[in-house]
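Position in the first sequence (first residue = 1) + 6 = our numbering.
Step one of this worksheet: look at the structure below.
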Amino acid sequence: MAPTFSKAMKSLEVDDSVWLPLIGKATVQDHGDVALPCHSLASRLRKSPQDIAEQICLLVEEDLAPIATVSSISGFVNISAKPEWLSKSLSLLLSDPRLGIESEKPLTFAVDYSAPNVAKEMHVGHLRSTVIGDSIVRMLEFKGHRAIRENHVGDWGTPFGMLIEHLLDLGEDQAANELGVGDLDSFYKQARAKFVSDDEFADRSRRRVVLLQGGDSETLRLWRVLVDESMRYFNEVYSMLGVLLTDEDIRGESSYRDLLPKVVERLNEVGILEQSEGADVVFPGGWVNREGDPLPMIIRKADGGYNYSTSDLACIIDRVERMGCDGFLYVVGTPQKQHFEMVFQVAIQAGFMDEDHQVTHVNFGSVLDTDGKVLKSREGEVIKLHDLLEEAIRRAEDAINQKNPDLVGEERKKVARTVGIGAVKYADLSTERTKDYVFDWERMLSFEGNTAPYLQYAYARICSIFRKWGGERDSLRDNFESLLKDELSILSNEELTLSRRLVEFPTIVDESITTFSPHKLCKHLHSVASSFASFYENCSILKEENAMLSTRRLALCDLTARELQLGLGIMGIDVPERM
RNA sequence: GGGCGUGUAGCAUAGCCUGGAUAAUGCACCGGCCUCCUAAGCCGGGGACCGCGGGUUCGAAUCCUGCCGCGCCCGCCA
């Protein structure tokens with residue numbers, strides 16, 4: 007289409023750089039698929055937008071005739087795809103196992119996500135990071151990239167003094183038991199309560215931190231107990247969620263501790279390390295504190311301890327120099343935005359990475375309660391992820407019992423898990439990630455609207471059709487265009503709407519991946535499912551007597567199901583055969 | 001105080017980067033549809049000064065600016 011327009015516009019002496027930015031998806035779908043507003047050309051051509059649109063229309067009409075119809079109205083050129091074009095596009099997608107999504111030149115990305123803290127309950131913030139991170143990893147891998155999963159577990163730092171002392175107070179067995187059943191929050195709270203109320207305990211805790219950092223073997227053994235028991239619990243949650251993270255992906259903060267002194271050394275070598283009130287700091291510039299003084303990034307505290315920033319810098323050095331990463335993604339909440347901006351700037355100043363590295367803080371909004379307040383883990387009640395996921399599965403099972411009593415036994419359990427977990431993940435992925443996310447049980451588990459169960463239901467319905475049909479689905483994928491001949495080329499409105507949506511899939515997937523925005527894909531899949539539902543209600547498929555028509559509709563079913571399955575799949579959401 | 005973000009029907013969201021025609025979607029609400037491929041569904045309907053005021057433009061939810069509300073961040077936590 008572009009060459010045709012280019013030729014036409016050239017004859018009007020309008021350069022590509024002028025009209026190309028103007029053309030875009032039509033905002034009023036009744037008018038067409040693609041539109042070119044001509045108003046801004048009026049002064050250049052000294053004609054009314056209406057006349058220009060009409061003229062362009064005449065110039066391109068003939069060349070575009072095989073694939074589209076062109077019309078003009080109130081200064082817009084409107085282009086509508088013809089069924090012939092749609093059928094060609096559909097047939098390309100049908101015959102392609104990747105559904106039109108191209109592979110790219112492979113790059114290596116480190117994706118930093120999940121990051122729960124040892125001996126602390128995982129909360130809904132970790133859920134967001136885990137679910138979004140998992141979907142990004144899957145999408146990148148599907149595009150042919152290498153995604154290195156990194157679970158930056160909080161397993162190091164001053165709180166471990168009090169945690170280890172509390173472990174000793176309880177007795178190892180008792181403590182392991184408490185942690186093993188996932189009662190991390192009360193364990194942490196008890197330790198903290200003692201730390202603030204009991205001076206003797208606080209002293210012991212501080213001494214224990216020194217022992218831990220000094221590498222005392224007994225202390226390290228106790229620390230290991232805490233880490234292992236917590237990880238056992240985290241893994242249970244990961245397994246329920248069905249995410250790709252395993253023990254192989256754990257890159258605890260402790261694993262960077264030997265690199266931290268090197269960060270100080272190297273910052274010193276490049277001459278940007280400064281002393282301030284006994285601490286080693288770097289001034290990235292561009293930020294000021296309350297008093298208007300330059301804001302430093304603390305690299306090494308006055309007491310010799312290191313900071314989160316130091317650890318992040320060590321991380322960057324490691325990823326660039328040892329792992330050879332082309333890009334790093336940090337799936338971490340928006341509140342840490344400034345922190346990452348400063349870290350990235352320092353890393354560039356220090357030469358740890360350069361402009362060629364794609365470094366992105368894949369930020370996401372806070373998780374709010376239904377009353378709009380931030381859900382916090384420190385003092386208020388935490389919703390335990392394990393309980394939350396169980397609740398989701400239980401509610402899904404209740405709904406299945408009610409709607410489809412024929413589904414029983416193991417299969418019902420399996421479907422309940424697929425639907426319940428899918429609902430939780432989808433609720434998170436389907437909102438624009440940088441905005442705050444309202445955590446609402448009802449909404450999340452409601453099986454209506456833009457939710458995973460709605461999409462899964464569409465998928466299950468299609469599976470049901472194919473079970474009844476009994477034919478070979480592969481046979482639908484090769485000769486699609488031959489099914490659109492003669493009077494059959496008249497597609498019904500529902501078929502047209504569905505087809506238009508289906509062909510957008512590869513574009514949307516790419517857009518979703520390059521912007522790390524799963525919600526765009528969610529939105530598309532919902533519109534596919536929605537137009538499928540409409541198609542399903544209004545067009546008979548198996549009951550259609552005309553064999554070609556029936557086959558054509560089966561092919562649309564096949565493509566719809568595959569888009570739903572692949573689309574949800576690259577976001578880490580499963581689809582059930584029945585529900 | 002400084003910085004960042006956000007404000008779209010009763011509720012929840014998309015659209016904003018890259019300005020276009022009648023602001024899109026879901027829930028809720030109103031009215032229809034199951035002797036028929038799964039009604040977790042479909043068809044139809046009502047409901048929005050896109051926070052407020054200026055500006056740029058032929059054209060602003062979108063860009064600029066000033067207010068207002070809300071949220072977050074701002075040197076030894078992560």
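Beta carbons are placed, not taken as given, at the ideal position from N, Cα and C, and that holds for glycine.
What residue range is occupied by the uninterrupted alpha helix (DSSP H) comprising residue i?
i: residue 62; result: 55 to 70
i: residue 557; result: 553 to 575
i: residue 398; result: 391 to 409
i: residue 298; result: Where residue 298 is concerned, there is no enclosing alpha helix (DSSP H), given that its DSSP letter is neither H nor E.
i: residue 127; result: Where residue 127 is concerned, there is no enclosing alpha helix (DSSP H), given that its DSSP letter is neither H nor E.
i: residue 269; result: 266 to 275
i: residue 324; result: 314 to 327
i: residue 174; result: 165 to 176
i: residue 527; result: 524 to 544
i: residue 499; result: 499 to 509
i: residue 585; result: Run containing residue 585: none; DSSP gives neither H nor E here.
Mind checking which residues open and close the beta strand (DSSP E) that includes residue i?
i: residue 82; result: 82 to 87
i: residue 279; result: 279 to 282
i: residue 220; result: Note, residue 220: premise wrong, no beta strand (DSSP E); alpha helix (DSSP H) at 205 to 220.
i: residue 4; result: Since the displayed the chain opens at 7 and closes at 585, residue 4 lies outside it and no answer follows.
i: residue 115; result: 114 to 118
Within a Cβ cutoff of 6 Å, which residues of the same chain sit near residue i, ignoring the five residues on either side of it in sequence?
i: residue 291; result: none
i: residue 385; result: The pLDDT assigned to residue 385 is 42, lower than 50, so where the model puts this residue is not dependable; a value taken from the coordinates is nonetheless given after this. So the list is empty, once near-sequence residues are dropped.
i: residue 580; result: 424
i: residue 116; result: 154, 156, 325, 331, 334
i: residue 383; result: At residue 383 the pLDDT is 42, less than 50, meaning the model places this residue with poor confidence; the figure from the coordinates comes in the next sentence. So the list reads 129, once near-sequence residues are dropped.
i: residue 308; result: 284, 285
i: residue 446; result: 376
For residue i, I'd like the list of residues in its chain whose CB is within less than 8 Å of its CB, leaving aside the five on either flank, ordered along the chain.
i: residue 182; result: 231, 235
i: residue 344; result: 293
i: residue 406; result: 413, 418, 421, 422, 425, 585
i: residue 279; result: 270, 273, 286, 287, 288, 305
i: residue 25; result: 11, 15, 42, 47
i: residue 20; result: 47, 50, 51
From the DSSP secondary-structure annotation, give me the bridge partner or partners of residue i.
i: residue 42; result: 83
i: residue 235; result: According to DSSP, which records beta bridges pairwise, residue 235 is partnered with nothing at all.
i: residue 367; result: 336
i: residue 256; result: 157
i: residue 76; result: 85
i: residue 30; result: 41
i: residue 285; result: 282
i: residue 352; result: Answer is none; residue 352 lacks a bridge partner.
i: residue 373; result: 443
i: residue 152; result: 114
Please tell me whether residue i and residue j are closer than 9 Å, where the distance is taken between their beta carbons.
i: residue 306; j: residue 266; result: yes
i: residue 402; j: residue 464; result: no
i: residue 311; j: residue 159; result: no
i: residue 11; j: residue 73; result: no
i: residue 575; j: residue 249; result: no
i: residue 28; j: residue 85; result: no
i: residue 255; j: residue 325; result: no
i: residue 508; j: residue 566; result: yes
i: residue 319; j: residue 276; result: no
i: residue 137; j: residue 430; result: yes
i: residue 108; j: residue 390; result: no
i: residue 185; j: residue 125; result: yes
i: residue 484; j: residue 101; result: yes
i: residue 233; j: residue 140; result: no
i: residue 512; j: residue 221; result: no
i: residue 481; j: residue 457; result: no
i: residue 65; j: residue 17; result: yes
With hydrogens ignored, establish whether the beta-carbon of residue i is closer than 8 Å to any heavy atom of the ligand SAH.
i: residue 501; result: The model depicted lacks the ligand SAH and carries no ligand whatsoever.
Considering only residues of the same chain and omitting the five flanking positions on each side of residue i, which have a CB-CB separation below 7 Å?
i: residue 8; result: none
i: residue 93; result: 486, 487, 490
i: residue 131; result: 339, 373
| query | Three or more C-beta pairs closer than 8 Å, one from the stretch 139 to 149 and one from the stretch 197 to 214: is that the case here? | reply | no
| Looking at C-beta atoms only, is the number of pairs between the stretch 506 to 522 and the stretch 119 to 127 that lie closer than 8 Å three or more? | no
| field | Validate contact between the stretch 88 to 103 and the stretch 45 to 52 using beta carbons, cut 8 Å, 3 pairs | value | no
| task | Mind the definition here: the stretch 362 to 380 touches the stretch 330 to 337 only if three or more C-beta pairs lie below 8 Å; say whether that holds. | result | yes
| query | Would you say the stretch 402 to 416 touches the stretch 342 to 362, given that touching needs at least three Cβ pairs under 8 Å? | reply | no
| Three or more C-beta pairs below 8 Å linking the stretch 504 to 514 and the stretch 524 to 540 | The stretch 504 to 514 makes contact with the stretch 524 to 540: 3 or more CB pairs, one atom from each, lie closer than 8 Å.
| said: Pairs of beta-carbons, one from the stretch 457 to 474 and one from the stretch 560 to 572, closer than 8 Å: are there three or more? | reply: As far as the Cβ criterion goes, the stretch 457 to 474 touches the stretch 560 to 572, which means the pair count is three or higher.
| message | For the stretch 541 to 551 against the stretch 468 to 477, do three or more pairs of beta-carbon atoms, one drawn from each stretch, fall closer than 8 Å, so that the two count as touching? | response | yes
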